[in-house]
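Asks:
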Amino acid sequence: MANLTHRSLRRAASHLATRDRDLRRVLVVHGPPPMWARKPGFRTLIQIILEQQVSLASARAMFRRLTRDIVPFTPKRFLDTGVPGLRSLGVTRQKAAYCVHVAEAVQDGRVDLQAVAKMDDAGAASALTRLKGVGPWTADIYLLMALRRPDVWPSGDIALVQAVTSVKRLRDGSSTEQIAKVADSWRPLRSVAARMMWQHYLAERSGRRPSGRRPDSRRTAGEGT
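Everything in the sequence shown is counted per our numbering, starting at 91 for the first residue and increasing by one.
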């Protein structure tokens, strides 16, 4: 299946709405979901690592500091900055080590992000999660947003868990496995359903029609190990 475009995203959301009455309600109330896309590459992978287990507001502030002080924003420049330099910019020791490890892997060719973009979903996820600091959630977000793959479900994503619980009227405290089982019914368009769930989450949280800003959807725990 081809990567998502704005047009195919709208079509896919409409298709899901014909299969699932709860998604139909989300689409009727909120309209087509935003794309929430990012450019593939090293920069985006670093940004997603910074978003692990923190609020997106905190991660955005951190990412702005890095883009301001690390110029150009390249693997070599990250290696020159090193863990101490990243720590001085406010990055935690663990995430600084992750960022440097990813920079080393990209710089020496152990991972080729252009080649990753051409792999199937399983191959791309496998290549990414071989990197220290890139767990399943980080890989899934990269596939969903940077590569625009149509059938990815970031298991354990806080916003998705809460949105599916609300939309499907599940019992509070439903496990990530239960949520993933619900998402299985949306194959092969789980990435589209995820965007619809994020859209619903934003609307419920704000009490108004959501903007194009992605919700606070950090991984619950254990990411990056």
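For each residue, glycine too, the CB sits at the ideal point set by N, CA and C.
Out of 123, 96, 132, 102, which has the shortest C-alpha to C-alpha gap to residue 293?
Replies: Here residue 293 corresponds to residue number 203 of the sequence shown, with the count starting at 1. Checking every option, the nearest Cα to that of residue 293 belongs to 123.
Asks: Would residue 285 be called buried (16 or more neighbouring beta carbons within 10 Å of its own) or exposed?
Replies: Start at 1 with the first residue of the sequence shown, and residue 285 comes out as number 195. The residue in question, residue 285, is buried, as its Cβ has 16 or more Cβ neighbours within 10 Å.
Asks: Let me check one thing: in DSSP terms, what residues is residue 262 bridge-paired to?
Replies: Along the sequence shown, read from residue 1 onward, the residue named residue 262 stands at position 172. Answer is none; residue 262 lacks a bridge partner.
Asks: Could you spell out where the alpha helix (DSSP H) holding residue 172 opens and where it closes?
Replies: The residue given as residue 172 occupies position 82 in the sequence shown. From DSSP, the alpha helix (DSSP H) with residue 172 extends over 165 to 178.
Asks: Do you know whose CA, among 248, 240, 245, lies nearest residue 92's CA?
Replies: Against the sequence shown, residue 92 aligns to sequence position 2. For residue 92, the nearest C-alpha among the options comes from 240.
Asks: Check residue 159 in the structure and name its three-state DSSP category.
Replies: Translated into positions along the sequence shown, residue 159 becomes position 69. Here residue 159 sits in helix by DSSP.
Asks: With 8 Å as the threshold, decide whether the Cβ of residue 202 is near any Cβ in chain B.
Replies: The structure shown contains no chain B, having only a single protein chain.
Asks: Determine, using beta-carbon pairs with one atom in the stretch 214 to 222 and one in the stretch 246 to 265, whether at least three such pairs fall under 8 Å.
Replies: The answer is no - the stretch 246 to 265 does not touch the stretch 214 to 222, with fewer than three Cβ pairs under 8 Å.
Asks: Could you pull out every residue in the same chain whose Cβ sits closer than 6 Å to the Cβ of residue 231, ignoring the five residues on either side in sequence?
Replies: On the sequence shown, residue 231 is found 141 positions in, with the first residue counted as 1. 138, 244.
Asks: Classify residue 106 as helix, strand or coil using the three-state DSSP reduction.
Replies: The residue labelled residue 106 in the question sits at position 16 within the sequence shown. Looking at residue 106 - three-state DSSP - the assignment turns out to be helix.
Asks: What is the residue span of the alpha helix (DSSP H) that residue 208 lies within?
Replies: Numbered from 1 along the sequence shown, position 118 holds the residue referred to as residue 208. No alpha helix (DSSP H) contains residue 208, which DSSP labels as neither H nor E.
Asks: Please determine, among 141, 265, 183, 195, the residue with the shortest C-alpha to C-alpha distance to residue 166.
Replies: Stepping through the sequence shown from its first residue, residue 166 is reached at position 76. Ranking 141, 265, 183, 195 by Cα distance to residue 166 puts 195 first.
Asks: How close, in whole Å, do the beta carbons of residue 125 and residue 99 come, if the pair is a contact with beta carbons under 8 Å?
Replies: In the sequence shown, the residue the question calls residue 125 occupies position 35. In the sequence shown, the residue the question calls residue 99 occupies position 9. Right, their Cβ atoms sit about 6 Å apart.
Asks: Tell me whether residue 110 is buried or exposed, calling it buried when 16 or more other Cβ atoms sit within 10 Å of its Cβ.
Replies: For the purposes of this step, residue 110 is identified with residue 20 of the sequence shown, where counting begins at 1. Buried, since its Cβ has 16 or more Cβ neighbours within 10 Å.
Asks: Please report the distance separating the alpha-carbon of residue 153 from that of residue 140.
Replies: Walking along the sequence shown from the start, residue 153 turns up at place 63. Walking along the sequence shown from the start, residue 140 turns up at place 50. Rounded to the nearest angstrom, the two C-alpha atoms are 7 Å apart.
Asks: Secondary structure at residue 97, three-state DSSP: helix, strand or coil?
Replies: Counting from 1 along the sequence shown, the entry for residue 97 is found at position 7. Reduced to three states, the DSSP call for residue 97 is helix.
Asks: Between 119, 295, 278, which lies nearest to residue 211 when the distance is taken from Cα to Cα?
Replies: As a first step, residue 211 must be located in the sequence shown, where it is residue number 121. Closest by alpha carbon: 278.
Asks: What residue range does the alpha helix (DSSP H) around residue 227 cover?
Replies: Working through the sequence shown from its first residue, we reach residue 227 at position 137. Unbroken alpha helix (DSSP H) run through residue 227: 226 to 231.
Asks: Let me know the secondary structure DSSP gives residue 141 once reduced to three states.
Replies: As a working note, residue 141 is residue 51 in the sequence shown. If DSSP states are grouped into helix, strand and coil, residue 141 belongs with coil.
Asks: In the structure shown, what three-state DSSP assignment does residue 129 receive?
Replies: Locating residue 129 in the sequence shown gives position 39, where the first residue counts as 1. Of the three classes helix, strand and coil, the one that applies to residue 129 here is coil, per DSSP.
Asks: Of all the options 263, 229, 250, 258, which has the alpha carbon lying nearest to the alpha carbon of residue 131?
Replies: Within the sequence shown, residue 131 is the residue found at index 41, counting from 1. The residue with the shortest Cα to Cα distance from residue 131 is 229.
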